[in-house]
Amino acid sequence: MMRPFLQTATIALFAVFISTGMLVAAEPAPAPAQPMFLKLQDVKWAKILPDLGEMSPEIAILRVDPKTQATQLLIRTPKGIHVRKHWHTANETHTMISGRAIFECEGKRMEMGPGGFNYMPARMVHEAWLPEGSLTFITVDGAWDVNWVEGPPTASDVTK
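Here the numbering used here is used: the first residue of the sequence shown is 230, the next is one more, and so on.
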């Protein structure tokens, strides 16, 4: 059973997604037998944390499988940020496209540069430090969600 704070944080994050149009903005995925091509310059970006304004990391939902809700997405950071402890309902992978990030889970820290890859099992609490200008490709094998352990990042988590 989810603790009340986590449940509230999850509901609040989904409210942000809905209010920013992030959940609505995802284009329907092509049928599984159809290829999909997308250029980076054509990707539609949305603020993950609108309260941070121009300092907010941005997300682009690339594809959502209509049957499984498996999701492929990009996250970019206009400013460096500490992504506080959180977990996801589905398994998640990160592949660094640009920048050098630090990921931590279960007391283990790992630095990843371009091409670096990790896998986070569902519900595993983790956090990350993403540098200014980073680009991360993320896949989840179900619907993408974020469940903050101690609340989402704030302006104090942004690298000045």
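Ideal Cβ positions, reconstructed from N, Cα and C, are used throughout, including at glycine. Predicted, not measured: the structure shown is a model, and the values here were computed from it.
(request) Could you check what DSSP says for residue 355 in three-state terms: helix, strand or coil? (result) In the three-state DSSP reduction, residue 355 falls in the strand class (E or B).
(request) Just the C-alpha distance for residue 382 and residue 281, rounded to the nearest angstrom, thanks. (result) 9 Å
(request) Kindly indicate which residue of 387, 302, 286 has the alpha-carbon position closest to the one of residue 293. (result) 302
(request) Have a look at residue 371 and residue 388 and give me their C-alpha separation to the nearest angstrom. (result) Pairing residue 371 with residue 388, the inter-Cα distance amounts to about 31 Å.
(message) Taking a contact to mean a Cβ-Cβ separation below 9 Å, would you say residue 341 touches residue 325 in this structure?
(response) yes
(message) Going by DSSP in three states, residue 385 sits in which element: helix, strand or coil?
(response) helix
(request) Give me the Cα-Cα distance between residue 253 and residue 299, rounded to the nearest whole angstrom. (result) Legend: pLDDT at residue 253 = 40, less than 50; position of this residue unreliable, no value from coordinates given.
(message) Rounded to the nearest angstrom, what separates residue 318 and residue 368 at their Cα positions?
(response) 13 Å
(request) Could you tell me whether the Cβ atoms of residue 312 and residue 275 are closer together than 9 Å? (result) It is not a contact, given that the beta carbons lie outside the stated cut-off.
(message) One question on the structure: do residue 320 and residue 349 come within less than 9 Å of each other, judged by their Cβ atoms?
(response) yes
(request) Have a look at residue 286 and residue 384 and give me their C-alpha separation to the nearest angstrom. (result) 11 Å
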